[in-house]
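Participant:
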Amino acid sequence: MELAIHIVHFDPAGGPAAVAPELAASASAAEEAGLAQISVMDHFFQLEMLGGAQLPMLEGYTTLGYLAGRTQRIRLGVLVT
Numbered sequence: 010m011e012l013a014i015h016i017v018h019f020d021p022a023g024g025p026a027a028v029a030p031e032l033a034a035s036a037s038a039a040e041e042a043g044l045a046q047i048s049v050m051d052h053f054f055q056l057e058m059l060g061g062a063q064l065p066m067l068e069g070y071t072t073l074g075y076l077a078g079r080t081q082r083i084r085l086g087v088l089v090t
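Residues in the sequence shown are numbered from 10 upward in steps of one, following the numbering used here.
1. Can you give the beta carbon distance from T80 to D51, rounded, assuming they're within the 8 Å contact cut?
2. Report the partner residues of A13 according to the DSSP bridge assignment.
3. Can you check which of these residues, L88, R82, L67, is closest to L32 by C-alpha distance?
4. What does the alpha-carbon distance come out to for the pair A77 and I47?
5. Can you give me the Cβ contacts of Q55 inside the same chain, cut-off strictly under 7 Å, excluding the 5 residues immediately before and after it?
6. Is it right to say T72 is buried, meaning 16 or more other beta carbons lie within 10 angstroms of its own, or is it exposed?
7. Exposed or buried, G69, counting other C-beta atoms within 10 Å across all chains shown (16 or more means buried)?
This is the structure:
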């Protein structure tokens, strides 16, 4: 069995400056734990059930590019596309 994580929130307690370090830490922890994949959302706005359009949302492929630079072997993808 392979395990994966799906990252849906981009509003860490430290504000916008904390987004990149939090993503890097999450990716490192997932890879070190042996997870198979990390995925992110490919929506333009945050879903209503997760807080609504007023919350921050990162562009999916740019986020994957950043994560690719922070990981070695874990698969990366967006949820739908």
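Note that CB positions come from ideal geometry on N, CA and C, so glycine has one too.
Facilitator: So, from the data block:
1. In the sequence shown, counting from the first residue as 1, residue 80 sits at position 71. In the sequence shown, counting from the first residue as 1, residue 51 sits at position 42. Contact flag wrong, Cβ pair sits at about 19 Å.
2. In the sequence shown, residue 13 corresponds to position 4, counting from 1. Per DSSP, Q46.
3. On the sequence shown, residue 32 is found 23 positions in, with the first residue counted as 1. Ranking L88, R82, L67 by Cα distance to L32 puts L67 first.
4. Residue 77 sits at position 68 when you count from the first residue of the sequence shown. Residue 47 sits at position 38 when you count from the first residue of the sequence shown. Their Cα atoms are separated by approximately 10 Å.
5. Here residue 55 refers to the residue found at position 46 when the sequence shown is read from its first residue. Closer than 7 Å at Cβ, skipping near neighbours: G61, A62, L64, M66.
6. Position 63 of the sequence shown holds residue 72. Per the 10 Å Cβ criterion, buried.
7. Reading the sequence shown from its first residue, position 60 is the one you call residue 69. The residue is buried, with at least 16 neighbouring Cβ atoms inside 10 Å.
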